[in-house]
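Engineer:
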Amino acid sequence: DTATVAANGWPWIQPESGTWSAITNEQPVAVSVMPLNATGNRQTFTATYRDPNGFGNLRHVQLLVNSALDWMNSCFVLYDRTQDAYAILSDNGGNWSWLGPLPTDSRENSQCRLYRQYSSVTGAGNDLVVQYDVELKQSYSGTKNINAQAIDWDLLWSPWLQAGTFGVTGAPFTLTPET
C-alpha cells in the first residue's frame with residue numbers, strides 16, 4: 059500500500075492493485091437425517107446440515123416429525139447455536155420450551171418428548187451434525203414424515219428436506235390365553 063495525502067489534507071492509502079470481490083452469503087441446506095425409516099416410539103435422529111459459509115454461519119436447525127409439513131400439533135424440535143440449546147414447540151405453535159444442560163432434562167408437548175440424554179452437536183468445516191433424542195407418544199401413532207431445515211445468521215432458510223418416515227407404534231397390547 060502507498061500512503062499519500064489527499065487534496066483535503068487527510069492521509070489516503072492506495073490499495074494494492076488486483077481483483078476484489080464481495081463475500082456473498084450462500085443458502086444453507088439440510089443434507090440428511092438418519093435413520094431414514096424408523097419405527098418404534100423413541101429414536102435418536104442424526105441430522106446433517108451444511109452451510110457453504112461454514113457451520114458457524116448456521117443460526118438454528120430444525121427437525122419436524124408430522125404427517126404434513128405443518129408445525130401445529132406436531133413434533134417440532136430445534137437446536138439453536140446462539141444459545142447452545144434444544145427446544146420443542148408447543149402444540150399451538152406459540153411457545154418454545156427449552157431444555158436445560160443436564161442429561162436428565164426433557165421437555166414435551168402432546169405429540170412427543172425431547173430428551174437431552176442422547177442429544178448432541180458437533181461441527182466441522184461446513185457441516186453441523188445434530189442428534190435429537192425424540193420419543194413420539196402412543197397417541198401420535200401412524201407413519202409420520204421426517205423433515206429437516208436450516209437457517210443461517212442472515213435468516214436465509216433452506217428448503218425443507220423430507221428425509222424419511224417414522225412409523226410410530228400405537229398402544230401396547232397384551233395377549234390373553236384362551237381358556
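Offset between the sequence shown (1-based) and our numbering: plus 58.
Cβ coordinates follow ideal geometry from the N, Cα and C atoms, glycine included.
Enumerate in chain order the residues of its own chain whose CB-to-CB distance from D149 is below 8 Å, with the five nearest sequence positions on each side excluded.
Structural biologist: For D149, where only same-chain residues beyond five positions count, the Cβ hits under 8 Å are M130, N131, N167, S168 and Q169.
Engineer: Is A88 near L219, with beta carbons less than 7 Å apart?
Structural biologist: Yes.
Engineer: With H, G and I counted as helix, E and B as strand and the rest as coil, what does DSSP make of N115?
Structural biologist: It is helical.
Engineer: Using a Cβ-Cβ cutoff of less than 7 Å, which residues in the same chain neighbour T234 once the five nearest sequence positions on both sides are dropped?
Structural biologist: Reliability fails at T234, whose pLDDT of 39 lies under 50, so the model's placement of it is uncertain and no value is given.
Engineer: Apply the 10 Å Cβ neighbour rule to R100 and answer buried if 16 or more other Cβ atoms are within range, or exposed otherwise.
Structural biologist: Classification of R100: exposed, given that the 10 Å Cβ count is below 16.
Engineer: Counting along the chain, where does the beta strand (DSSP E) carrying E166 start and finish?
Structural biologist: Where E166 is concerned, the enclosing beta strand (DSSP E) stretches over S164 to E166.
Engineer: Pull up the distance between the alpha-carbon of D185 and that of T106, whole angstroms please.
Structural biologist: Near 7 Å, if we compare the C-alpha coordinates of T106 and D185.
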